[in-house]
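In what follows, a structure is listed as structure tokens, so that the remarks can point back to it.
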Amino acid sequence: MSFLELQNITKIYPNGTKAVNETSLNIENGEFVVFVGPSGCGKSTLLRMIAGLEDITSGEIVLDSNIINNIDPSERDVAMVFQNYALYPHMTVYNNMAYGLKNRGISKQEIENKVNDAAKLLEIDSYLERKPSMLSGGQRQRVAMGRAIVRNPKIFLFDEPLSNLDAKLRNQMRLEIKKLQRQMGVTSIFVTHDQTEAMTLGDRIVVINNGIVEQVGTPKEIYSKPNTKFVAEFIGSPQMNIFNCKIDNGTAKIDNHSINLDKSVNNDDASIGIRPDDIQISDSGSITCKANLVEYLGSDMIIYSSLGDQEFSCKLSSKIDVKAGNEFKFDIQPNLVHIFDNSSGKRLD
Amino acid sequence: MFRFLPTTINHFILLMGLTLMIVPVWIIFASSTHTSLFINTNGLQFFLGDSFKENYSSVLFKKAGFFQEITAIKMFFNSFVMAMGIATLSVVTSLMAAYGLVYFKIKYATFIFWLIFVTLLVPLELRVMPTYVVMSKLNLLNSFAGLIVPISASAIATFFFRQFYKSIPEELLEAAKLDGTNSWKFFIDFLVPLSKTMIAAVFIFMFVYGYNQYLWPLIMTTTEEYWTVVMGLKTMYGSISHRFAFVIMSMIPPVLIIIFLQKLFIQGIFQNK
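Sequences listed follow chains G and A, in order.
For the first sequence, the working numbering gives the first residue as 627, with consecutive numbering after it.
For the second sequence, the working numbering gives the first residue as 59, with consecutive numbering after it.
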């Protein structure tokens, strides 16, 4: 039995919106799981149902062998870090962290020890007497984490906690969260819409779209073998190139080019996907295209081009000399191609 | 130079306003320190006289009223209790009403709110007869409770608190829920301290409103024992300088409340935000 089990969870809001649809998921003790998906896909709703802030329409949530559907949020033994931190503006940093412990009737001495330990761990011990309004964004973030840590919960829930920080601080906090999670070994669920965050943080990633889990897997599995067209396009930056095509006995026809896929697939309405960095430019390439636009990124560059009326991009080392307006030749390796059925969106190979 | 000019004009306008408000009060105060005879013969005075102690002490302790049952000191006490009661109860009732309307999933909460708001259209003067009947049936005539209760719910204060609560982010409640608050604790530990500045503002407003009540205490008190300062102003016959002294003293409690609470008000603005 897993540490946290979601069994056929469905959430329908009073206005009839189905936010989460028949979702089942098992999470092991100590795992760091990331829910990722576009805004409004139901990932936050799922998290809030685990926290107890949202009622569950049907299904069961089992935490550590107990069904927690109807247990009060404060008794579920979960701690949550909110997007805007939700610090208590009228309380000092110390009281922000101590408040939950006081409500549990823990002795003053023990509260002091716990808060001081957490503050030291997060390097906020010199601000304990300040109010949240006197702290910077990064410091507030730490206090919010401190408030979660002192409670010694079974699960940490993070609801897009990094999206209010600037890019540099976001990278830094991302690393710290990961380090902290490793150090404490507490099961964590992290919600984000940023696929980079998902890829770097998660032991496993859950890709959600329209209230449905599209794929669950390690970052590597999800990147190298996306189950659906949605996952293929959502994970990876720049986005995977998708070409609509007809596949006839393992050969895809795009514009007037034929690409051998090395697989016995027949499908009239399919698409093939190839990652921008899997396109290999060589003078002996069989496909010739014109570079419409070139983006220089330092070590890499991205070429935007089109095959017939379908646009695509390729990411190359910037040492290769291709300028906008130039022609270039490339090949598509059959083993790097992902094939999807357009009507179901599912992977075909 | 360009910065200097507008500041000067600003200050000039402010000084004019200040003069306009202060001078009449000063003239009354200066006149109240002269004997009545002196004022009757020489008119209002701009400079202080030497009868300050005599005038003020005789006003404070002189028996007044038709039955000579009340002194100015007792009137001040009555007014203070009434204004304090009205201010405190209004703050408490409107805080709680707003809490109920915003945080509890009440059906038709908006409609109920507008129903409360509509009571602004029915001031005490308009409902004075039915209110009197209710109070007399409750046996509350000639009591502090009778003076306070009918004026102790404020629609406008409920409105202010409701708007303020609506601006508090939802996550704060959710974080507090995870930290194990119940609805009562959330009210005491979060909403009350967060609305400290608003409480101070509403308290000032309602204190002055309560202190200035005239018609209601006039109608519901039959013994002089419950007379208030504002009622007393009318009955302070006697000499003209005594009347002036009483007017000056009647201004002190509201001014003190404002000065005292304004400190808290400003403090709150700078610390909480």
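Don't be surprised by glycine CBs; every beta carbon is placed ideally from N, CA and C.
If you're wondering where the values come from, they're calculated on a predicted model, not measured in any experiment.
{"Query": "Where I838 (chain G) and L231 (chain A) are concerned, what is the direct C-alpha to C-alpha distance, given to the nearest angstrom?", "Result": "29 Å"}
{"Query": "Counting only the same chain and skipping the five closest in sequence on each side, list residues whose C-beta sits under 8 Å from that of G811 (chain G).", "Result": "G656"}
{"Query": "Is the beta carbon of S152 (chain A) closer than 8 Å to that of V260 (chain A)?", "Result": "yes"}
{"Query": "Going along the region 814–829 of chain G in order, which residues come within less than 8 Å of chain A, judged by CB to CB distance?", "Result": "none"}
{"Query": "Opposite K941 (chain G) in the DSSP bridges: which residues?", "Result": "G:I928"}
{"Query": "Taking Cβ-Cβ distances shorter than 8 Å, what residues in chain A pair up with M706 (chain G)?", "Result": "E232, A233 and L236"}
{"Query": "Confirm, please, whether the CB-CB distance from T286 (chain A) to N200 (chain A) is below 8 Å.", "Result": "no"}
{"Query": "Do we get a CB-CB distance below 8 Å when we pair N710 (chain G) with the residues of chain A?", "Result": "yes"}
{"Query": "Given a threshold of 16 other Cβ atoms within 10 Å of its Cβ, counted over all protein chains shown, does T813 (chain G) qualify as buried or as exposed?", "Result": "buried"}
{"Query": "Could you check what DSSP says for L630 (chain G) in three-state terms: helix, strand or coil?", "Result": "strand"}
{"Query": "Go ahead and pull the three-state DSSP assignment for H819 (chain G).", "Result": "coil"}
{"Query": "Please list the segments of the alpha helix (DSSP H) lying wholly inside the region 727–783 of chain G, counting only runs of 4 or more residues, in order along the chain.", "Result": "734–748 and 763–775"}
{"Query": "Going along the chain, which unbroken runs of the beta strand (DSSP E) with 3 or more residues stay wholly within the region 851–893 of chain G?", "Result": "867–874, 877–880 and 883–886"}
{"Query": "Within the continuous alpha helix (DSSP H) that includes V186 (chain A), where are the two ends?", "Result": "V186 to K195"}
{"Query": "Cutting at 7 Å between CB atoms, please list the residues of its own chain near M133 (chain A), excluding the five before and the five after it.", "Result": "W285, T286, V287 and G290"}
{"Query": "Contact criterion: CB-CB distance below 8 Å. Does A303 (chain A) meet it with respect to chain G?", "Result": "no"}
{"Query": "Say whether chain G places a C-beta atom closer than 8 Å to the C-beta of T281 (chain A).", "Result": "no"}
{"Query": "Who does V659 (chain G) pair with in a DSSP beta bridge?", "Result": "G:I815 and G:R830"}
{"Query": "Between A986 (chain G) and chain A, is there a C-beta pair that is closer than 8 Å?", "Result": "Lying before the first or after the last residue shown, residue 986 (chain G) is absent from chain G, which here runs from 627 to 975."}
{"Query": "What are the partner residues of M706 (chain G), as DSSP defines its beta bridges?", "Result": "G:L783"}
{"Query": "Can you give the Cα-Cα distance for Y157 (chain A) and V207 (chain A), rounded to whole angstroms?", "Result": "21 Å"}
{"Query": "Take every Cβ of the region 663–673 of chain G, pair it with every Cβ of the region 629–648 of chain G, and state whether three or more of those distances are shorter than 8 Å.", "Result": "yes"}
{"Query": "Would you mind reading off the limits of the alpha helix (DSSP H) that contains G143 (chain A)?", "Result": "A130 to Y161"}
{"Query": "Within 10 angstroms of the Cβ of L178 (chain A), are there 16 or more other Cβ atoms? Answer buried if so, exposed if not.", "Result": "exposed"}
{"Query": "Is the beta carbon of S212 (chain A) sitting closer than 8 Å to the one on M142 (chain A)?", "Result": "no"}
{"Query": "Quick one: which chain A residues come within Cβ less than 7 Å of S700 (chain G)?", "Result": "K235, L236, D237 and G238"}
{"Query": "Can you tell me whether N952 (chain G) is buried or exposed? The criterion is at least 16 other CB atoms within 10 Å of its CB, across all chains shown.", "Result": "exposed"}
{"Query": "In angstroms with no decimal places, state the Cα-to-Cα distance between Y849 (chain G) and G678 (chain G).", "Result": "32 Å"}
{"Query": "Counting contacts by CB-CB distance shorter than 8 Å, is F248 (chain A) in contact with chain G?", "Result": "yes"}
{"Query": "From the DSSP output, which residues share a beta bridge with E847 (chain G)?", "Result": "For E847 (chain G), which the question treats as bridged, DSSP gives no partner whatsoever."}
{"Query": "Spatial neighbours of S308 (chain A) within its chain, please: C-beta separation below 7 Å, excluding the five flanking residues on both sides.", "Result": "V287 and L291"}
{"Query": "In angstroms, rounded to a whole number, what distance separates the CA positions of T293 (chain A) and V305 (chain A)?", "Result": "12 Å"}
{"Query": "Closer than 7 Å: is that where the CB of G899 (chain G) sits relative to any heavy atom of the ligand PLP?", "Result": "Because no ligand of any kind appears in the structure shown, any question about the ligand PLP cannot be addressed here."}
{"Query": "Which of helix, strand or coil does DSSP assign to K949 (chain G)?", "Result": "coil"}
{"Query": "On the three-state DSSP scale, how would you describe F104 (chain A)?", "Result": "coil"}
{"Query": "Return the residue from the list A:P312, A:S299 and A:T99 that minimises the CA-CA distance to S115 (chain A).", "Result": "A:S299"}
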